[in-house]
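To start, the structure under review is shown below, and the notes come after it.
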Amino acid sequence: MIMELLQEINSPADLKKLKPERLPQVAAEVRAFILDTVSKLGGHLASSLGATDITVALHYAFETPKDRLVWDTGHQTYAHKILTGRRDRMGTIRQFGGLSGFLKRSESEYDAFGAGHASTAISAALGMAVARDLKGEKNKVVAVVSDGCMTGGEAYEGLQNAGQVQTDIIVVLNDNQMFISNRVGALGAFLSKLLTLGAVRDAEHSVKKFLARFHFWGGSILRVAKRAKVLLFPGMLFEEMGFTYFGPVDGHDVEQLASVFKHVKQLKGPILVHCVTKKGKGYAAAEEDQYTWHGPGKFDVATATFLKTPMTKTPPSAYTAIFGRAVVREAENDPRIVGITAAMPEGTGLDGLRDRFPNRYFDVGLAEEHAVTFAAGLASEGYRPIVAIYSTFLQRAYDQIEHDVCLQKLPVILCLDRAGLVGEDGPTHHGVFDYSYLRMIPGMTVMAPADENELQHMLRTAIELNAPVSIRYPRGNGIGVAMDAQPKALPVGKGVRLKDGSDVTLLAIGNRVHPALEAAQILEDKGYSVGVVNMRFVKPMDVELLKMCAAKTPRLVTIEDNVIQGGFGCAVLEALTPGRAEVMRLGIEDAFVEHGAPHLLYDAIGLSAPKIAERVAAWLPQKARAAAIP
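Sequence positions in the sequence shown follow the working numbering and run 2 to 631.
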């Protein structure tokens, strides 16, 4: 498609020069640009396509960046980036050293607030609105929230507080799942027609569908309304929280949206504009299969077929798939097994359990805190709940892990997918803190498999342990090791010596075990004698094995893809008698790691096999280093 208008838009100021009737063409060109970009690089497609019209209308109606746009999660912001001066850099999005796939305050003045985790936008926007009031300024603050984020409790905490404060704030609900009957709001022609008395039955059906999205309290509201003989409209939920509600509005009528936004920005107090959209809008394949096209890899736009890198051999199974199959196998043999996910059934591998044992599978929405306490309740009644959550999102449930699980010694199994550096999604999604924040809690067992075979054994270990357990494993394919036919419980708190050495011992955990083995070979090629240990457990620590290693080599190196502060290396230092051995800790330094392909990131931070070998060689004494040089 020829970018007749888009090529002239380098900022929202350029967009505002156009007449409203040109906005649909702008939206179409933006969609085409997003499709072209994502097809070459991969990225978040369906959400960004669905939010394109809203984005164009927002930048047309408001005075950004003076007016603040706060986006929830960031999956829907590609159009925002394109319209705010970053169009020419979109070819670098999610690439090492390029644009972030999410929002980043340091990247643009138009990114008012960073985002990567869900349900934060309303709270952040309210904070900005109150700050504006305190400073005596007059700008507008808009939070753009997807309906998926409305399953998170923080969204309702923000709504409640905004309704209490009653300052000027606009919440735009980007609703791509709630197909609700239309109704009239104060904008008359811009909004849909009011339900007539003859349409009460249809209205009730629509309301039921709407309330079903809110797992915890939607049903209760409907029951109360029925008893009171009240006809509910969707907006009443928000109006009771102190918001003036407009909608539902067609989220793909960009001219109408611009007019609605221009109107509501003149109003006082908390405003909620409910926009109904279709995820993947404008690309048939994405509209039909929104999950597959949420975050696709490279693809051919014309045929909607994915481009695959030629393989010389079949790649090993992904850790997520191995975990999913292991859970189903355990559930077949143990009726106590239940699976819990926070809106990520396919992403965590629990879709297999969902299909095989639907009555023992629970998707709680984007509500990690609830997921953990819900699991604690199940465990208190004799079940073995497996809570599968990405590492970066589990940290949202820290209080629940400490208070509801560990304090009561309940056998909840926390399975942390996407641990370590996840790649192109960057610092909001890297799972690099879990060793630190989990090992400090009394009663928690913390383990990490070196490969996919150990993963299935660790799951069995966790089920038999009858105590709080966490298992963390990385994104992507496994090592390709042979899989044992049957899982077995591992000795708790015991590591494995993989090779002996006399100069230095590499103590590795999780997905750094195999790079440690490679690093050892590089060092041995230079003349060093290097031992390698797969520690398996961060807690309890294998103290006896550590003592043996310290007795064999005067120097130990800990290797982890967790932050150094409070991590695996710290646990080793705490377990060793002072002076028993010199210890060097390799891990993630006190800084957030940027986005990029994982192999580039691990090399950049010194945790690839060659960089591990280089750092260890530089640390060894001069005498040993000189002896190693031919």
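Even for Gly, the Cβ is constructed at its ideal location relative to N, Cα and C.
May I ask you to verify whether the stretch 117-126 touches the stretch 614-622, counting CB pairs closer than 8 Å and requiring at least 3?
no
Among 563, 17, 573, 6, whose alpha-carbon lies nearest the alpha-carbon of residue 432?
As a first step, residue 432 is located in the sequence shown; it is residue number 431 there, counting from the start. Answer by Cα proximity: 563.
Tell me which same chain residues have a C-beta within less than 8 Å of the C-beta of residue 18, skipping the five on either side of it?
Position 17 of the sequence shown holds residue 18. The answer is none, since no qualifying residue turns up.
With 16 other CB atoms within 10 Å as the buried threshold, where does residue 333 fall?
Translated into the one-based positions of the sequence shown, residue 333 becomes position 332. Residue 333 should be labelled exposed.
Is it buried or exposed for residue 482, if we count other Cβ within 10 angstroms and need 16 for buried?
Walking along the sequence shown from the start, residue 482 turns up at place 481. Answer is exposed; the Cβ neighbour count stays below 16.
Count the CB pairs spanning the stretch 162-180 and the stretch 269-276 that are closer than 8 Å, and state whether there are at least three.
Segments in contact, yes.
Tell me whether residue 151 sits in a helix, a strand or coil according to DSSP, three-state version.
Numbered from its first residue, the sequence shown carries residue 151 at position 150. In the structure shown, residue 151 sits in a helix (DSSP, three-state: H, G or I).
Would you call the stretch 68-80 and the stretch 6-26 touching, i.e. three or more CB-CB distances under 8 Å?
no
Fully enclosed by the stretch 42-74, which alpha helix (DSSP H) runs are 4 residues long or longer?
47-51, 53-62
Using C-beta distances below 6 Å, list every residue in its chain close to residue 509, excluding the 5 sequence neighbours before and after it, in chain order.
As a first step, residue 509 must be located in the sequence shown, where it is residue number 508. Counting only Cβ-Cβ distances below 6 Å, and skipping sequence neighbours, we find 517, 560.
Can you tell me the Cβ-Cβ gap for residue 501 and residue 553, rounded? I've got them flagged as a contact below 8 Å.
Position 500 of the sequence shown, counting from 1, holds the residue named residue 501. Position 552 of the sequence shown, counting from 1, holds the residue named residue 553. That belief holds up - the Cβ atoms of residue 501 and residue 553 are roughly 7 Å apart, short of 8 Å.
Rank 131, 605, 590 by C-alpha distance to the C-alpha of residue 434 and give the top, closest one.
Stepping through the sequence shown from its first residue, residue 434 is reached at position 433. Nearest in C-alpha terms to residue 434, of all of 131, 605, 590, is 590.
Would you kindly check if the distance between the Cβ of residue 141 and the Cβ of residue 239 is under 7 Å?
Mapped onto the sequence shown, residue 239 falls at position 238. Mapped onto the sequence shown, residue 141 falls at position 140. The answer is no: Cβ separation not under 7 Å.
Can you give the beta carbon distance from residue 419 to residue 430, rounded, assuming they're within the 8 Å contact cut?
Along the sequence shown, one-based indexing puts residue 419 at 418. Along the sequence shown, one-based indexing puts residue 430 at 429. With a Cβ gap of about 7 Å, residue 419 and residue 430 count as contacting.
Hey, quick one: how far does the beta strand (DSSP E) through residue 484 stretch, first residue to last?
As a first step, residue 484 is located in the sequence shown; it is residue number 483 there, counting from the start. That residue, residue 484, is in no beta strand (DSSP E); it is neither H nor E in DSSP.
Using the C-alpha atoms, what's the distance from residue 436 back to residue 604?
As a position in the sequence shown, residue 604 is number 603, starting the count at 1. As a position in the sequence shown, residue 436 is number 435, starting the count at 1. Their backbone Cα atoms lie some 21 Å apart in a straight line.
Helix, strand or coil: which one does DSSP assign to residue 324?
Numbered from 1 along the sequence shown, position 323 holds the residue referred to as residue 324. In this structure, residue 324 counts as helix in the three-state DSSP scheme.
With three or more beta-carbon pairs closer than 8 Å as the criterion, would you say the stretch 159-173 touches the stretch 373-383?
no
In terms of DSSP beta bridges, what is residue 143 paired with?
Counting from 1 along the sequence shown, the entry for residue 143 is found at position 142. Paired residues: 70, 171.
Just tell me which of 537, 582, 513 has its CA closest to the CA of residue 1.
Because the chain spans 2 through 631 in this model, residue 1 falls outside it and cannot be assessed.
Within the same chain, show all residues whose beta-carbon is closer than 8 Å to that of residue 318, passing over the 5 residues directly before and after it, in chain order.
Here the question's residue 318 lines up with position 317 in the sequence shown. Taken in chain order, the residues that qualify are 453, 478, 479.
With a cut-off of 8 Å on the beta carbons, I'd call residue 102 and residue 60 a contact; round off their distance for me.
Within the sequence shown, numbered from 1, the residue matching residue 102 stands at position 101. Within the sequence shown, numbered from 1, the residue matching residue 60 stands at position 59. Incorrect: roughly 20 Å between the Cβ atoms, too far for contact.
Determine the DSSP secondary structure at residue 131, reduced to helix, strand or coil.
In the sequence shown, the residue the question calls residue 131 occupies position 130. Three-state DSSP puts residue 131 in a helix.
Does the distance from the C-beta atom of residue 414 to that of residue 448 stay below 7 Å?
By one-based count along the sequence shown, residue 414 stands at place 413. By one-based count along the sequence shown, residue 448 stands at place 447. For residue 414 and residue 448, no; Cβs fall outside 7 Å.
Sort out for me which residues DSSP pairs residue 364 with in a bridge.
Translated into the one-based positions of the sequence shown, residue 364 becomes position 363. Answer by DSSP bridge pairing, in chain order: 342.
Since I believe residue 497 is in contact with residue 537 (beta carbons under 8 Å), could you give me their beta-carbon distance rounded to a whole number of angstroms?
On the sequence shown, residue 537 is found 536 positions in, with the first residue counted as 1. On the sequence shown, residue 497 is found 496 positions in, with the first residue counted as 1. Indeed they touch by this definition, with Cβ atoms about 7 Å apart.
Near residue 409, which residues of its chain fall below 8 Å by C-beta distance, leaving aside the five closest residues on each side in sequence?
As a working mapping, residue 409 is identified with position 408 in the sequence shown. Contacts found: 377, 381.
Rank 251, 75, 369 by C-alpha distance to the C-alpha of residue 399 and give the top, closest one.
The sequence position of residue 399 within the sequence shown is 398, counting from 1. The shortest Cα separation from residue 399 among 251, 75, 369 belongs to 369.
Determine the contact status of residue 385 and residue 338, defining contact as a CB-CB distance below 7 Å.
As a working mapping, residue 385 is identified with position 384 in the sequence shown. As a working mapping, residue 338 is identified with position 337 in the sequence shown. Taking 7 Å as the Cβ cut-off, residue 385 and residue 338 qualify as a contacting pair.
Between 285, 345, 292, 541, which lies nearest to residue 303 when the distance is taken from Cα to Cα?
Numbered from 1 along the sequence shown, position 302 holds the residue referred to as residue 303. Nearest C-alpha to residue 303: 285.
Suppose you measure from the CA of residue 597 to the CA of residue 93; what does that come to, to the nearest Å?
Position 596 of the sequence shown, counted from the first residue, corresponds to residue 597. Position 92 of the sequence shown, counted from the first residue, corresponds to residue 93. Looking at the two C-alpha atoms, the distance is approximately 10 Å.
Would you check if the distance between the CB atom of residue 71 and the CB atom of residue 113 is smaller than 7 Å?
Here residue 71 refers to the residue found at position 70 when the sequence shown is read from its first residue. Here residue 113 refers to the residue found at position 112 when the sequence shown is read from its first residue. Yes; because the gap between Cβ atoms is below 7 Å, this pair is in contact.
May I have the straight-line CA-CA distance separating residue 287 from residue 31, to the nearest angstrom?
Counting from 1 along the sequence shown, the entry for residue 287 is found at position 286. Counting from 1 along the sequence shown, the entry for residue 31 is found at position 30. One C-alpha to the other measures close to 16 Å.
Could you check which residue in 336, 361, 569 has the C-alpha nearest to that of residue 585?
Here the question's residue 585 lines up with position 584 in the sequence shown. Among 336, 361, 569, the Cα nearest to that of residue 585 belongs to 569.
In angstroms, rounded to a whole number, what distance separates the CA positions of residue 535 and residue 417?
The count along the sequence shown starts at 1 and reaches residue 535 at position 534. The count along the sequence shown starts at 1 and reaches residue 417 at position 416. If you take the alpha carbons of residue 535 and residue 417, they lie about 19 Å apart.
For residue 440 versus residue 539, is the C-beta distance shorter than 7 Å?
Looking up residue 440 in the sequence shown gives position 439. Looking up residue 539 in the sequence shown gives position 538. In this structure, residue 539 lies closer than 7 Å to residue 440 by Cβ.
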